[in-house]
Amino acid sequence: MYRYDDYDRAMVKARVAQFRDQTNRWQAGELSDDEFRPLRLQNGLYMQRYAPMLRIAVPYGMLSSAQLRVLGAIAREEDKGYAHLTTRQNLQYNWIPMARVPDVLERLAEVEMHAIQTSGNCIRNVTSDQFAGIAPDEVVDTRPLCEIIRQWSTFHPEFAFLPRKFKIAVHGAERDRAVVQVHDIGLHLYRDESGKTSGDILARVWVGGGLGRTPILGEVIHEALPWRHLLSYMEAILRVYNLEGRRDNPYKARIKILVKALGIEEFRRKVDAEWANLKDGPATITDAELARVSAYFVDPAYAQLPDTDAGFDARLSSDKAFARWVQQNVHPHRVPGYRAVTLSLKQKGVAPGDITDQQMEAVADLADAFSFGEVRSSHEQNLVLSDVELRKLPELYDAAKALKVASSTVGLLTDIICCPGGDFCDLANAKSIPIAQAIMERFDDLDYLHDIGELDLNISGCMNACGHHHVGHIGVLGVDKNDEEWYQVTIGGRQGNDTRLGKVIGPSFAAADMPDVVTKLLETYVKLREPEERFVDTVVRVGIDPFKVGVYGESANRVNKNKETTHG
Amino acid sequence: MADILKNGQVHQDHWQVLRPEAEADLATLNVPTGEWLVPFALWQAQTDTLKSRQDIGVWLSPNDDLTEVAQHCDQWPLLAIDFPKFTDGRGYSIAWRVRNHYKYRGELRAIGNVLVDQLFFMLRVGFDTLALDPKVAIATAERNLAPFPDTYQGSTDNPEPLFRRVDRVLGGAR
Chain A
1 MYRYDDYDRA
11 MVKARVAQFR
21 DQTNRWQAGE
31 LSDDEFRPLR
41 LQNGLYMQRY
51 APMLRIAVPY
61 GMLSSAQLRV
71 LGAIAREEDK
81 GYAHLTTRQN
91 LQYNWIPMAR
101 VPDVLERLAE
111 VEMHAIQTSG
121 NCIRNVTSDQ
131 FAGIAPDEVV
141 DTRPLCEIIR
151 QWSTFHPEFA
161 FLPRKFKIAV
171 HGAERDRAVV
181 QVHDIGLHLY
191 RDESGKTSGD
201 ILARVWVGGG
211 LGRTPILGEV
221 IHEALPWRHL
231 LSYMEAILRV
241 YNLEGRRDNP
251 YKARIKILVK
261 ALGIEEFRRK
271 VDAEWANLKD
281 GPATITDAEL
291 ARVSAYFVDP
301 AYAQLPDTDA
311 GFDARLSSDK
321 AFARWVQQNV
331 HPHRVPGYRA
341 VTLSLKQKGV
351 APGDITDQQM
361 EAVADLADAF
371 SFGEVRSSHE
381 QNLVLSDVEL
391 RKLPELYDAA
401 KALKVASSTV
411 GLLTDIICCP
421 GGDFCDLANA
431 KSIPIAQAIM
441 ERFDDLDYLH
451 DIGELDLNIS
461 GCMNACGHHH
471 VGHIGVLGVD
481 KNDEEWYQVT
491 IGGRQGNDTR
501 LGKVIGPSFA
511 AADMPDVVTK
521 LLETYVKLRE
531 PEERFVDTVV
541 RVGIDPFKVG
551 VYGESANRVN
561 KNKETTHG
Chain B
1001 MADILKNGQV
1011 HQDHWQVLRP
1021 EAEADLATLN
1031 VPTGEWLVPF
1041 ALWQAQTDTL
1051 KSRQDIGVWL
1061 SPNDDLTEVA
1071 QHCDQWPLLA
1081 IDFPKFTDGR
1091 GYSIAWRVRN
1101 HYKYRGELRA
1111 IGNVLVDQLF
1121 FMLRVGFDTL
1131 ALDPKVAIAT
1141 AERNLAPFPD
1151 TYQGSTDNPE
1161 PLFRRVDRVL
1171 GGAR
């Protein structure tokens, strides 16, 4: 993975000193709360319901074991012994006192970590495919260009006070695992096969996607942008947005609203006019820079291994639980004899994505023992060991099970994606963690879960959609009605190459009803499904009406027709 | 008289910012003698009388039509860009455009809600003088003009990104 050189180290160190000074000036009253707010947000520091929340950047999901150990130690010594993995591959602490934050940042800087631009109206941490570099369907390893984008966006002088936050996601495989179409800019990297610049990296550029209050999928603004123009082209997009994006209403300030208002053609015309002055200028990425950064992402010292192992096969046939874990949590690898493994952070009784200090340290040990000392975070709020030898999977399984990170539910109903919700977040309309926990309580029968098969269940505690509920096969959105917490359900959303937004099934539910609602949706699915058909495919085939009837009864269609207001 | 930061030093000069009332008739408003920064709309309304004066500069609101600005800006001895709120970041891109697209070479000044922690960004995008918000302590501002030892990306101050300026050999000097 990328390692800091003296330049990177000096920049992050300077940031810590700057933030310490800003905190001091705020405490001394030289900076008002309003003046300090954007500064602390750009260091990932929110004021939450009960305490500050500090969001640490995990650039495109890459972590070293040394970093994870320090994250664990900070959780124990500065927080309450746990941290939370976010849906943007970052990590959050919930209980670090404001005055301690500069010291925590200093400690993070020692292991090449920071909280820069993890919040605020600026370019955020770039996200990517958690299987970058190892997926068999990968065409371009996204990590070098992600790192180049990270550096370009860090302390960008022109784009620190945008109308609203700005998120970039990158994928480079046949299957999009980074949900690029719901980002402000989504990049799909592929190789030129036209013969013109054969093999050169090109980017399909999406712009104006986003979830939140007004969920919109991005539109393609450039089909084939050569990689060396990525920074100048994004600069052109950002400049048009910075100048013309709405600033009168924060709910209308994302770039998606500007793109919709202008239309993609007009927006493209403006970007092209801006880019005409930048193209081939100094922001053009050089071969030398791509080579320099790519050198950090060369293969680890893989052993020459057969792609089968007798011990593995024996355990597979004798241990059903192990076989299930392999089926759900073990992923293919482009190198024979290796696999990637998802360590599930979805355990009954624990908030989805939460991890304790001891688990962090133990996972760091597993990374050292099994996966070249590297760990990745996924936007599904799990951790991934990307380079595990097939023959060592039984041993890793036993260790992961002892650590309670081996639920064989990755991709199933209880691999719930969930924001922190009203238990922590000041923005939330409703709690989300108890809903997740109630659903995990109800559906703890592995036979049933495996029979139901692939199902993404996403929960957001408010319209800001941190739980990405719009793209869940089942999406749950917390809403506030007269100071009571209610939950609106959508079905048919999905991520991936054919990303779609779910449709609302009808009036919202009380928290206590949610497990029953999911049960009824699943019963409807089981009744209607064809062999090998996933829940979401059944929804697509038969439409949402049978599911409405399943949940609300026969009167559903008549009663609810007028109540669908959003997310259509 | 506002404190102006110029080349890292505190200066005082005599430019004043004219901010007409919302209902003022810009075509007839009298611009007294003395160095005045007038709103671009006022300059447009009185171009014929103001363009012969040497003591008139122009300030831009983020809402002004920049294409119009491009045709006039080389006539002004001083051009200012207003930050109505420090969180309104349009001024950064306006400054970049004025410098890089319209090739304005005169003095470019940030005015309005100009606070300490944005000065570095302002200097990078092309401002050369900074009219600090009256609440800012000069010493704090001076101390924060360059919080970072280097820059990753190019801007008006130096269009070359770090990767073009230095040879960042793999591993660095670890």
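Listed in order, the protein sequences are those of chains A and B. Note that our numbering numbers the first sequence so that position 460 is 460, with each residue one more than the last. Just so we're on the same page, our numbering is the position in the second sequence counted from 1, plus 1000. Even glycine gets a Cβ: it sits at the ideal position worked out from N, Cα and C.
For residue i, which beta-bridge partners are listed by DSSP?
i                   : result
Ala-173 of chain A  : A:Glu-138
Tyr-46 of chain A   : A:Met-53
Tyr-190 of chain A  : A:Leu-202
Pro-336 of chain A  : BP columns for Pro-336 of chain A are empty, so no partner.
Gln-1012 of chain B : B:Asp-1003
Pro-226 of chain A  : A:Leu-202
Ser-460 of chain A  : A:Leu-477
Gln-92 of chain A   : A:Arg-55 and A:His-84
Leu-1108 of chain B : B:Leu-1079
Ile-123 of chain A  : A:Phe-166
Val-207 of chain A  : A:Ile-185 and A:Glu-219
Straight-line CA distance for residue i to residue j?
i                   : j                   : result
Ala-28 of chain A   : Asp-21 of chain A   : 10 Å
Thr-1049 of chain B : Asp-1074 of chain B : 17 Å
Val-1116 of chain B : Thr-356 of chain A  : 39 Å
Pro-1134 of chain B : His-222 of chain A  : 46 Å
Lys-563 of chain A  : Gly-506 of chain A  : Note that Lys-563 of chain A scores 47 on pLDDT, short of 50, meaning its location in the model is unreliable; the coordinates nonetheless yield the value given after this. Approximately 7 Å between the Cα atoms of the pair.
Gly-81 of chain A   : Trp-95 of chain A   : 10 Å
Lys-404 of chain A  : Gln-347 of chain A  : 7 Å
Gln-1046 of chain B : Leu-1066 of chain B : 18 Å
Pro-531 of chain A  : Leu-455 of chain A  : 15 Å
Arg-1174 of chain B : Asp-5 of chain A    : Residue confidence for Arg-1174 of chain B is low, a pLDDT of 32 falling below 50, so the modelled location carries little weight; the figure read from the coordinates is stated next. Cα to Cα, the separation comes out at about 7 Å.
Ile-417 of chain A  : Ala-273 of chain A  : 40 Å
Leu-85 of chain A   : Arg-164 of chain A  : 23 Å
Met-1 of chain A    : Leu-189 of chain A  : 19 Å
Val-542 of chain A  : Leu-396 of chain A  : 42 Å
Gly-411 of chain A  : Ala-465 of chain A  : 20 Å
Leu-91 of chain A   : Leu-63 of chain A   : 11 Å
Asp-378 of chain A  : Asp-141 of chain A  : With the sequence shown as reference, residue 378 of chain A is identified as Ser, and Asp is not the correct amino acid for it. Their backbone Cα atoms lie some 16 Å apart in a straight line.
Gly-1171 of chain B : Val-293 of chain A  : Model confidence at Gly-1171 of chain B stands at a pLDDT of 47, short of 50, so the residue's coordinates are unreliable and nothing is read from them.
Gln-327 of chain A  : Ser-408 of chain A  : 8 Å
Ser-1061 of chain B : Ile-1081 of chain B : 6 Å
Gly-553 of chain A  : Glu-484 of chain A  : 24 Å
Tyr-1092 of chain B : Tyr-448 of chain A  : 57 Å
Val-1114 of chain B : Ser-198 of chain A  : 50 Å
Rounded C-beta distance between residue i and residue j? I'm assuming under 8 Å.
i                   : j                   : result
Ala-1131 of chain B : Arg-1109 of chain B : 6 Å
Phe-1083 of chain B : Phe-1120 of chain B : That pair is no contact at about 14 Å.
His-470 of chain A  : Gly-502 of chain A  : 6 Å
Ser-508 of chain A  : Gly-467 of chain A  : Contact doesn't hold; Cβ gap of about 16 Å is too wide.
Tyr-7 of chain A    : Arg-1168 of chain B : 6 Å
Leu-345 of chain A  : Gln-304 of chain A  : No, Leu-345 of chain A and Gln-304 of chain A are not in contact; Cβ-Cβ is about 33 Å, not under 8 Å.
Ile-134 of chain A  : His-333 of chain A  : 5 Å
Gln-42 of chain A   : Cys-425 of chain A  : Rounded, the Cβ-Cβ distance is 19 Å, inconsistent with contact.
Asp-129 of chain A  : Ala-178 of chain A  : 5 Å
Among residues of its own chain, excluding the 5 on either side of residue i, which ones have a beta-carbon nearer than 6 Å to its beta-carbon?
i                   : result
Ala-224 of chain A  : Leu-202
Gly-72 of chain A   : Asp-357, Met-360 and Glu-361
Asp-1064 of chain B : Phe-1040
Skipping 5 residues on each side, what residues in its chain have a beta carbon closer than 8 Å to that of residue i?
i                   : result
Thr-1129 of chain B : Ile-1004, Leu-1005, Lys-1006, His-1011, Glu-1107, Leu-1108, Arg-1109 and Ala-1110
Phe-312 of chain A  : Leu-390, Arg-391, Leu-393 and Pro-394
Gly-1008 of chain B : Glu-1142 and Leu-1145
Ala-351 of chain A  : His-84, Cys-418, Pro-420, Asp-423, Ile-433, Ala-436 and Gln-437
Give a yes or no on whether 8 Å exceeds the smallest Cβ distance from residue i to chain E.
i                   : result
Tyr-1152 of chain B : Protein chains in the displayed structure are A and B, and chain E is not among them.
Using only the heavy atoms of the ligand ATP, determine whether one of them is closer than 7 Å to the beta carbon of residue i.
i                 : result
Pro-52 of chain A : For the structure depicted, the ligand ATP is absent and the ligand set is empty, with no information on it obtainable.
I'd like the list of long-range same chain contacts for residue i, defined as Cβ closer than 7 Å, with 5 residues on each side in sequence excluded.
i                   : result
Asp-1013 of chain B : Ile-1004
Pro-434 of chain A  : Ala-511
Val-259 of chain A  : Val-207, Gly-208, Glu-219 and Phe-267
Pro-1161 of chain B : Tyr-1152, Gln-1153 and Gly-1154
Arg-100 of chain A  : Glu-78
*Sequence ranges, alpha helix (DSSP H) only - wholly within the stretch 524-557 of chain A, length at least 4*: 535-542 and 545-552
_Quick check on the DSSP output: what are the complete alpha helix (DSSP H) runs of length 4 or more inside the stretch 464-536 of chain A, in order along the chain?_
514-528
_As an exercise, report each continuous beta strand (DSSP E) stretch of at least 3 residues that is fully enclosed by the stretch 333-383 of chain A, in chain order._
338-343, 354-356 and 374-377
*Taking only runs that begin and end inside the stretch 1024-1093 of chain B, name each unbroken beta strand (DSSP E) of 3 or more residues, in chain order.*
1036-1039, 1056-1060 and 1078-1083
*alpha helix (DSSP H) runs wholly inside the stretch 1096-1169 of chain B, at least 4 long, in chain order*: 1119-1125, 1138-1143 and 1162-1165
*asked:* Extract the residue ranges of the alpha helix (DSSP H) inside the stretch 214-293 of chain A, only unbroken runs of 4 or more that lie entirely within it.
replied: 230-244, 255-262 and 264-275
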